[in-house]
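Residue numbers (our numbering): 1 to 402.
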Ligand SMILES: [Zn+2]
């Protein structure tokens, strides 16, 4: 039987193998087929094979997305206990973004200064690797875990989880009495445990006016002018009306940001007859998403927009859930383990992004998010620190000691 010292020593010895595993994952990009990528098939097959070679049983749940591509999710369990403590990471990655901003190829791993560079290294490869090596260490030392170790490597997280956790929730895999750790959020020193998320509302707005020559504006309807005036009103009203603060979050307020703007006309002398733009709102749980949406729509009915037609399309909507209690068993277990392993005092926080934890919280299942990482997810030159990956594996393994 092993204890914490043996576990930590064994995991230190895994470092090279962990680096090789994360490197191989970078070479198997899992961008959603809906966004023109290849999906998780190859990456899932690689990890399934690895886990099976270590002697674990792995079940694959694959769901077809609208492009007809299978989206595999892997589930592995270990132990003979009644309850399961789950470690849930996602296999998919976002696209590389602007290629010119990368110093190395986003899908060829590069190791420098103790970091592995590549798309998907921090989000969410590091945690996937840390989880499976924590599991390997428990088995290798013959440790009978206090809870069953449940490893979930899920698909489609980056664009809403429709072919990942949303479908898995209906398979009868996850029990209300289980506990859930989602290592997909983190601070650089590992001191933040996320227990609640803001609501998210992504809105596409189209304004139809009338395109004419720029010398005769009176004959048309300038959609660009409508957009500018409309957004000024939206910006002012939302920030004024929804201004509550909540210190659990950073930033501590709701955010309302105009983001993407689609190309309009090709020439300076054309008055645009159509504008398409996007608003990204992250709303504190104190407010109802429907109220915000209602205000955004209502503002388009002003007199100054007479003749223009507004269309609203919800691209994504996630209503905030009740937080996981900081006094819940999993929150306390994780906080204690971090305190012992790292000698730091963790604190509980809320974030503006979304993770798969919300799916569990919505059903009243306790889920906490934690990992150790720099804030480089979705950025060019994304990286994971090797020492963070190894240290997180030690925390994960320690969660299962009696
Ligand atoms: Zn992620």
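Even for Gly, the Cβ is constructed at its ideal location relative to N, Cα and C. None of the values given here were measured: they were computed from a predicted structure.
Option nearest residue 92 by Cα separation, candidates 51, 342, 122 and 386: 122
Which of helix, strand or coil DSSP assigns to residue 203: strand
CA nearest to the CA of residue 112, picked from 351, 106, 400 and 385: 385
Residue 398 burial status per 10 Å Cβ neighbour count (16 or more: buried): buried
Residues whose Cβ lies closer than 5 Å to any heavy atom of ligand 1, in chain order: 123, 124 and 184
Strand pairing of residue 262, partner residues [DSSP]: Partner(s): none; residue 262 has no beta bridge.
Exposure label - residue 35; buried when at least 16 CB within 10 Å: exposed
Distance, residue 222 Cα to residue 214 Cα: 9 Å
Of the listed residues 304, 28, 331 and 391, nearest to residue 343 (C-alpha basis): 391
With 16 other Cβ atoms within 10 Å as the buried cut-off, status of residue 26: buried
Contact under 8 Å by Cβ, residue 330 with residue 181: yes
Residue range of the alpha helix (DSSP H) that includes residue 423: No answer is possible for residue 423: the residues shown for the chain start at 1 and end at 402.
Own chain partners of residue 208 with C-beta closer than 6 Å, once the 5 adjacent residues on each side are dropped: 274 and 309
Proximity below 8 Å, CB of residue 312 to CB of residue 297: yes
Selected residue, minimal CA-CA separation from residue 272, among 8, 194, 219 and 318: 219
Selected residue, minimal CA-CA separation from residue 375, among 10, 124, 72 and 199: 124
Contact check, residue 264 vs residue 224, beta carbons under 8 Å: yes
Simplified DSSP assignment, three categories, for residue 301: helix
In chain order, each beta strand (DSSP E) run of at least 3 residues that lies wholly inside the segment 337-395: 347-351, 367-369 and 383-385
Exposure of residue 406, with buried meaning 16 or more beta-carbon neighbours within 10 Å: The structure shown has nothing for residue 406, since the chain only spans 1 to 402.
Touching by the beta-carbon criterion (3+ pairs, under 8 Å), the segment 233-248 and the segment 348-361: yes
Rounded separation between residue 173 and residue 60 - CA only: 12 Å
Cβ neighbour criterion (16 or more within 10 Å) applied to residue 409: Given that the chain is displayed from residue 1 to residue 402, the structure contains no residue 409 and the question cannot be resolved.
DSSP three-state assignment for residue 284, whether helix, strand or coil: coil
Coil, strand or helix - residue 122 by DSSP: helix
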